[in-house]
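Those sequence lines, one after another, are chains A and B. One point on numbering: in our numbering, the residue at position 3 of the first sequence is 114, and numbering is uninterrupted. One point on numbering: in our numbering, the residue at position 34 of the second sequence is 107, and numbering is uninterrupted. Beta carbons are placed, not taken as given, at the ideal position from N, Cα and C, and that holds for glycine. Worksheet: the structure to be examined is printed underneath.
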Amino acid sequence: METFSYRHKADRRSTGSRAQAIVGVVASGNLEVLVERILPGTECQVEVSTPVTGFGAVWEAVIADFVERRSPGGLKLSINDGGARADTVALRLAQAVRVIEEEGR
Amino acid sequence: MTATSFVRHLSPSWYESSARDRVRILLDAGTFEEFIGPEQRETSPHLGIFDLPRQFDDGIVVGRGRLDGKPAFIAAQEGRFMGGAFGEVHGAKLTGLLRAARDARTIPVLILFDTGGVRLQEANAGELAIAEIMRALIEARRAGARVIGLIGGRAGCYGGGGLLAGCCSALAVSEHGRIAVSGPEVIETNRGVEEFDSRDRGLVWRTMGGKNRRLIGGADAFADDTIDSFRAAALHLIERAPAFGLDMLKAEQARLADRLERFGTCADGLDIWKQQGIADATSVPAMSTETFIEVANRIEEPRHDAR
Chain A
112 METFSYRHKA
122 DRRSTGSRAQ
132 AIVGVVASGN
142 LEVLVERILP
152 GTECQVEVST
162 PVTGFGAVWE
172 AVIADFVERR
182 SPGGLKLSIN
192 DGGARADTVA
202 LRLAQAVRVI
212 EEEGR
Chain B
74 MTATSFVRHL
84 SPSWYESSAR
94 DRVRILLDAG
104 TFEEFIGPEQ
114 RETSPHLGIF
124 DLPRQFDDGI
134 VVGRGRLDGK
144 PAFIAAQEGR
154 FMGGAFGEVH
164 GAKLTGLLRA
174 ARDARTIPVL
184 ILFDTGGVRL
194 QEANAGELAI
204 AEIMRALIEA
214 RRAGARVIGL
224 IGGRAGCYGG
234 GGLLAGCCSA
244 LAVSEHGRIA
254 VSGPEVIETN
264 RGVEEFDSRD
274 RGLVWRTMGG
284 KNRRLIGGAD
294 AFADDTIDSF
304 RAAALHLIER
314 APAFGLDMLK
324 AEQARLADRL
334 ERFGTCADGL
344 DIWKQQGIAD
354 ATSVPAMSTE
364 TFIEVANRIE
374 EPRHDAR
C-alpha cells in the first residue's frame, strides 16, 4: 500500500455549508473520495491510499490540476483507491467538491 | 409506452444504485442519520495485512431515519466493495444496530443485503460476526422489533448473508435478487456438475433467483427493480410480519417440513412451479413484475403464522 499526502493553497475558499460528503466506492478501477470542510482559509489537503505502487508523479499531477480547476479551499480530501485511472480520479475529485458545495443536506 | 410506465421508471433502479443512494431514497427525504459515518474511519484492521485497500465505512452504512413518518433503523451493504462481504468492522456495525433495535423494542429494522458472504481475508472474524449478528437479530425480534430484509443487489445474498436472511421477520426480493447459502460455483465444485451446472444461468435463476424464492415462500414479497417498489414492500412487510414466538416457530417448522415433502424430489424450479399449479410454468422467468405478483399471490401457500 502506498500513501501520499499533498498540501496546496487554493485560490479561494470552497462555497456551501455542508460539513462532509462521500462519493465513489472502492472497487476495481474505481475509488472513494471523502471530503471534509475542516481546514482554515484556502488550505487544501489531499490524502491518498493506493494498492498500486509507483504512480506518485501521476497522482501529484492530477491533484495539482484539480486544485487549480476547482479551488477547494478549506477542504480535506481523503482517497481510498481501488486502482482507478487518472481520468476517473479527476472526475471523482470534481464530483466530491460538487456534492459538498450543494445546498441542503 | 404509456404514461404510467414512464412515471414508474422515474424511481432509480435498486440494482444499479449504491448502498448510500438506496438508503437516502428509500427513507423519507432528509431523515437519514448515520451511525459511525465514514469520517470516523472505522476501517478493517485486516485488509492492510494483505495490502488490500480499505473503505471508510467498511462496506456497510448503518443508521436511523423515518419511513412514512415513522422511525426505522436501517443497514445497507455496498455490494461493489469486496462483494459486500462481512468483515469484523462491517459485522460489528450491523450487530450494534440490531442491539439498538432490541433496546428500542418497537422500531423496525431494514437490512438491505448485498453480499457474497464472509470476507475470506478476515474469515474467523467474519464468521464470528455472522454468529453475533444472528444472535442480535433474534434478540431484536424477541424484544418485539420487526426485521425486514430487502434483496435485489448485484452481489445477491449468499453465505452468512443467506443465513441472516433466513432469520429475518420477512423478506422482499426483486427478480435480480438471489438468495442462497452456497453459490452456484461452490455447489458445482463440491458436488459435481451433474448436481448443479453453474454455467447454466437459467438454472441458477430458477433455483436461487427472486421469482423462485417468492414462489416457494422463501421471500414474502416481490418488488420491481426500483427503490420506490422496495419502499412499498418494506412498508407492507413491517405491518404484516409475524411476531416472534414459539407458535410462529412451530408453524414455520411445519411449513418447511411440508415444503420438503411436496417438492423434495423436484430437480428444477420448473417442476415445483408445475406442481404448484402454474399452468404455463415455463413462462415464469419472462413474466412481467405485475403478472408475476398476481400469479404468486394466487398460488401462495397457506402461511399460518410462519414467515
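Whole-angstrom distance between residue j and residue i, CA atom to CA atom
| i | j | result |
| --- | --- | --- |
| S139/A | G157/B | 14 Å |
| M207/B | D192/A | 32 Å |
| V357/B | R148/A | 52 Å |
| V200/A | G291/B | 42 Å |
| E334/B | I345/B | 12 Å |
| L99/B | I311/B | 14 Å |
| L202/A | G226/B | 25 Å |
| L237/B | V178/A | 45 Å |
| D270/B | K143/B | 45 Å |
| D124/B | P162/A | 6 Å |
| G233/B | F317/B | 21 Å |
| E268/B | E214/A | 56 Å |
| V254/B | V191/B | 11 Å |
| R251/B | L193/B | 20 Å |
| A340/B | T355/B | 15 Å |
| N285/B | G189/B | 19 Å |
| R124/A | L171/B | 41 Å |
| I351/B | Q150/B | 35 Å |
| E112/B | H249/B | 32 Å |
| A369/B | G222/B | 19 Å |
| V208/A | D130/B | 20 Å |
| T164/A | L142/A | 15 Å |
| F166/A | R95/B | 34 Å |
| G337/B | A306/B | 29 Å |
| I133/B | R178/B | 23 Å |
Neighbouring residues, chain A, relative to residue i (Cβ below 7 Å)
| i | result |
| --- | --- |
| E112/B | Q131, L145 and E147 |
| R154/B | For the sequence presented, residue 154/B should be read as Phe rather than Arg. The contacting residues are V136, V137 and A138. |
| S91/B | V136 |
| E151/B | V136 |
| G229/B | Near G229/B there are no residues of chain A at all, since even the closest Cβ is about 16 Å away, more than 7 Å. |
| G142/B | Within chain A, no residue comes near G142/B; the closest Cβ sits about 18 Å away, beyond 7 Å. |
| G121/B | M112 |
Contact set between residue i and chain B, taken where Cβ atoms lie within less than 7 Å
| i | result |
| --- | --- |
| G193/A | P126 |
DSSP three-state assignment for residue i, whether helix, strand or coil
| i | result |
| --- | --- |
| N285/B | helix |
| T199/A | helix |
| C240/B | helix |
| F123/B | helix |
| N191/A | strand |
| S128/A | coil |
| G342/B | helix |
| E214/A | coil |
| V208/A | helix |
| P162/A | coil |
| E115/B | coil |
| G222/B | strand |
| I235/B | The amino acid at residue 235/B is misidentified as Ile; the sequence shows Gly. It is helical. |
| E154/A | strand |
| E143/A | strand |
| A330/B | helix |
| L83/B | coil |
| E248/B | coil |
| G156/B | helix |
| R227/B | coil |
| R335/B | helix |
Residue i: contacting residues in chain B (beta-carbon distance under 8 Å)
| i | result |
| --- | --- |
| A197/A | Correct list: empty, because the minimum Cβ distance to chain B is about 17 Å. |
| S160/A | P126 and R127 |
Opening and closing residue of the beta strand (DSSP E) in which residue i lies
| i | result |
| --- | --- |
| H119/A | E113 to K120 |
| R137/B | I133 to L140 |
| F186/B | V182 to F186 |
| F108/B | E106 to F108 |
| Q150/B | K143 to Q150 |
Limits of the alpha helix (DSSP H) - the one that residue i falls within
| i | result |
| --- | --- |
| D176/B | E161 to A177 |
| P362/B | Checking the sequence shown, residue 362/B turns out to be Thr, not Pro. From DSSP, the alpha helix (DSSP H) with T362/B extends over T362 to I372. |
| A354/B | Element bounds for A354/B: n/a, residue is neither H nor E. |
| I105/A | Examination of residue 105/A is not possible in this model, given that chain A is present from 112 through 216 alone. |
| I206/B | A196 to A216 |
| A92/B | A92 to L99 |
Interface partners of residue i on chain A, CB under 8 Å
| i | result |
| --- | --- |
| F129/B | I133, E143, L145, S189 and N191 |
| G199/B | Under the 8 Å cutoff, chain A gives no residues; its nearest Cβ is about 17 Å from G199/B. |
Proximal residues of chain A, C-beta to C-beta of residue i below 9 Å
| i | result |
| --- | --- |
| E161/B | Chain A residues near E161/B: none, gap ~17 Å exceeds 9 Å. |
Contact test: residue i Cβ vs the ligand NAD heavy atom, cutoff 7 Å
| i | result |
| --- | --- |
| F365/B | The ligand NAD is not part of the structure shown, which contains no ligands of any sort. |
Could you name each continuous beta strand (DSSP E) segment of 3 residues or more that falls completely within the segment 256-328 of chain B, going from the start of the chain to the end? 294-296
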